[in-house]
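Shown next, in structure tokens, is the structure this report addresses.
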Amino acid sequence: MNLPRIPMLVLAGLLAVPCYATAPATKNTTEASKATGSAPKLVLQITVDGLRADLIERYKKNFGDSGFRYLMEQGAYYTNAHYQHGNTETIVGHVSLATGAPPSVHGMVGNVWYDRQLERLVYNVEDADYAMLTANAGVNQSTEIDPTQKAAKQDGRSPVPILSTTFSDELAVASNGESKLFSVSVKDRGAISLAGHSGKAFWFSKAQSEFVTSNYYYDQYPAWVNQWNAQNYPARYSKQQWQLSLPAEHYTLKEGDPSYKVDLAGFRRSFPHPYGPASYKYFSTMLTLSPAGDELTADFASALIDKEQLGKGKFTDYLAVSFSANDYVIHMYGPASLEAEDNLIRLDRTLGKLFKHVDSHIGLENTLIVLSADHGVPEAAPTVNALGYRNAGYFDKSTIVNNDLKKRLREEFGLPENVVRLYAQPYIYLDHQLIKNKGIELADVQAAVAEEMTKIKGIAYAVTSRDIETNRIPDSHLMTLVKNNYHPQRSGDVYLVFAPRTYINDMDGLTIASTHGSPWRYDTHVPVIFAGYNIEPNKVTREITPYDIAPTLSNKLGITQPSGTTGTVLKEVAGSSK
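Quick note, the sequence shown lines up with residues -13 to 564 if you use this note's numbering.
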């Protein structure tokens, strides 16, 4: 059997956790749960990629009663949750949700980073030691539009790069391996992060148009996965198109100028968006850029609940479902678009259908649900420009290594321009060996580069790693977020903070409408909602952080918190009792 390799740091945290006991299963009512003190049968963790907190309020009027509204009105709804790290990217937020810690602890400083030992850019969950179970299910370099995925040099995937334990890891130890732990997403990084080191992860292969995994998790697929894939559910969308689900006059915002939106391979800038035939090389990509990706994810998750018999055992089970379409839609069209609103309307229905399935198989009163997001998003620059905000704009990354920087490096230090290895959001990486060979202090070169960066229009701050290490940065909220993103083995030499509403809109040559990754409040602001098992309705405006989710779940179940957790237990959830 192919056993997962667990890093020693994580293993040490796992071995230190005591087991917990649950009372015998009782009648499926909240009152019965209260009386026995039993744990929930299932923890269902929902992550909506790129869901800035205000968007569910903005588009709420078109939601039904069983999806977002059920959570917002029947749950403990935190409206003022903010991440406390600077690089608000997908893997950073997902692992922060899983661990209750910032990247300075869990190590995932970005979707990609420069590995100084390998001397190349690495993708966050790539791992040459663990191959895909499905042949040719990795990244198709000719059709992949996600540049972070394309950075990987092999198809293998695992959670080994995550440097601290997750909630799911601690649940595995507390139940002595009897809790069933699963995670599902379109994105590999969305699934792997929340499954942790001890769970099982499945993600959607655009190359094969099916859900896949690696041999970190299984030697072979469970029969039900093969059966689900054999049904070829994606083919249902062949020659179909994404159309508005409501009459145009029902939408919240009027459609603006669509010229800034992306027409990717014929998917169009405005409705309807055609998927094309299943034989089209971009067909699977089109599915992920639309509500179809979320619908497929929920269908697979529902099958998993049934086939793996979640919620039927002695111990609490765990299922994480990360919905990715919102992020892709906003990249292509911006958050103030008909596409963004319609996608959330359809996701609302998808959530309602998933919750109904959970209710019929496990009972919502026996299920502890938590919903959040991995990061927020900015409005597309043209949208706010049209509203009078003239300082929003797109940043040209080619201006980073400019003539003034090259001249200074040459004249002051005698260094060639290739001393700047690369820029990978949000870091500039320097060639340490070249600087050392010249007998120059690294800190001096970092300081010079940072000074030149602050002269460039669109860059608000440039912070050196030496200043972070020696705590020579201003005592401000923004600098705390930059510091919390720093990991000595993975972070670069100079952290760049772009001006508010300024960002690089180039995705590997594809010009996109909007992107995230800043420490500004629109990128750190996400919803946090707990609902279901023993949760009282409560709308809370106090500022919290999504780091609080993992320790709150741990406290609710009476188990040890993840090893690096910096969050705190939310009193409204810990003390909630119907």
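Every residue gets a Cβ at the ideal spot worked out from N, C-alpha and C, and that includes glycine. This structure is a prediction, so every number in the text was calculated from the model and none was measured.
For the candidate residues the options, whose alpha-carbon lies nearest to that of residue i?
i: T151; options: L556, S549 and N352; result: S549
i: K525; options: E398, G553 and E558; result: E558
i: I498; options: L250, Q194, D174 and T271; result: L250
i: A477; options: P263, K298, V108 and Q547; result: Going by the sequence as given, residue 477 is Ser instead of Ala. Closest option to S477, Cα to Cα, is V108.
i: L416; options: G425, N388, V406 and N423; result: V406
i: L149; options: A209, P88, N201 and F168; result: P88
i: Q475; options: S82, K441 and Q103; result: Q103
i: P532; options: Y45, M118 and L357; result: L357
i: G279; options: L290, F197 and D292; result: F197
i: N73; options: Y519, D534 and Y489; result: Y489
i: L333; options: N312, V344 and E241; result: N312
i: M94; options: S540, A117, V514 and H473; result: H473
i: I355; options: R38, A536 and Q547; result: A536
i: V211; options: K293, F516, A158 and D205; result: K293
i: A326; options: K441, S265, F381 and N48; result: N48
i: Y56; options: I545, F516 and G561; result: F516
i: G142; options: V555, V483, T274 and Y203; result: Y203
i: N218; options: S191, F301 and N201; result: S191
What do you reckon, are the CB atoms on residue i and residue j nearer than 7 Å?
i: N329; j: P277; result: yes
i: G297; j: K27; result: yes
i: G79; j: L337; result: no
i: A436; j: A446; result: no
i: G362; j: Y508; result: yes
i: V315; j: A287; result: no
i: D479; j: Q419; result: no
i: Y64; j: I530; result: yes
i: E112; j: A84; result: no
i: N126; j: A187; result: no
i: D35; j: D360; result: yes
i: P220; j: L273; result: yes
i: N389; j: H71; result: no
i: T365; j: P412; result: It is Glu, not Thr, that sits at residue 365 in the sequence shown. Result no, Cβ atoms of E365 and P412 do not sit closer than 7 Å.
i: D494; j: P133; result: yes
Around the Cβ of residue i, are there at least 16 other Cβ atoms within 10 angstroms (buried) or fewer (exposed)?
i: Q236; result: A small fix is needed here, since residue 236 is His in this sequence, not Gln. Counting Cβ neighbours within 10 Å, H236 comes out exposed, since fewer than 16 surround it.
i: K443; result: exposed
i: A62; result: buried
i: S128; result: exposed
i: R106; result: exposed
i: H463; result: exposed
i: Q184; result: First, the amino acid is wrong: residue 184 is Ser here, not Gln. Buried, by the Cβ-count rule.
i: P460; result: exposed
i: A216; result: exposed
i: T552; result: buried
i: L633; result: For residue 633 there is no data in the structure shown, the boundaries of the chain being -13 and 564.
i: Q213; result: exposed
i: N491; result: buried
i: P258; result: exposed
i: G503; result: buried
i: E75; result: buried
i: D115; result: exposed
i: N520; result: buried
From the DSSP output, which residues share a beta bridge with residue i?
i: A62; result: F516 and N524
i: P260; result: Q227
i: M493; result: L496
i: L30; result: L305 and I355
i: I445; result: F484
i: V98; result: Y109
i: W189; result: S171 and V198
i: A67; result: V512 and I530
i: Y380; result: Y489
i: M439; result: According to DSSP, which records beta bridges pairwise, M439 is partnered with nothing at all.
By the DSSP assignment, the alpha helix (DSSP H) with residue i in it spans what residues?
i: F341; result: L324 to H347
i: E455; result: S451 to E455
i: V146; result: From DSSP, V146 is part of no alpha helix (DSSP H); its letter is neither H nor E.
i: E235; result: Neither: E235 is in no alpha helix (DSSP H) and is coded neither H nor E.
i: T274; result: F269 to T274
i: D479; result: D479 -> no alpha helix (DSSP H), and no H or E assigned at all.
i: G279; result: P277 to K293
i: N541; result: I535 to L543
i: K392; result: N389 to F399
i: A251; result: Note, A251: premise wrong, no alpha helix (DSSP H); not H, not E.
i: S154; result: F153 to A160
i: D313; result: A311 to Y319
Please find out if some non-hydrogen atom of the ligand SAH comes closer than 6 Å to the beta-carbon of residue i.
i: R254; result: In the structure on display, the ligand SAH does not appear, and there are no ligands present to speak of.
Starting from residue i, trace the beta strand (DSSP E) both ways and give me its first and last residue.
i: R407; result: V406 to A410
i: T74; result: Per DSSP, T74 belongs to no beta strand (DSSP E) and is neither H nor E.
i: R106; result: R106 to Y109
i: L416; result: Y413 to L416
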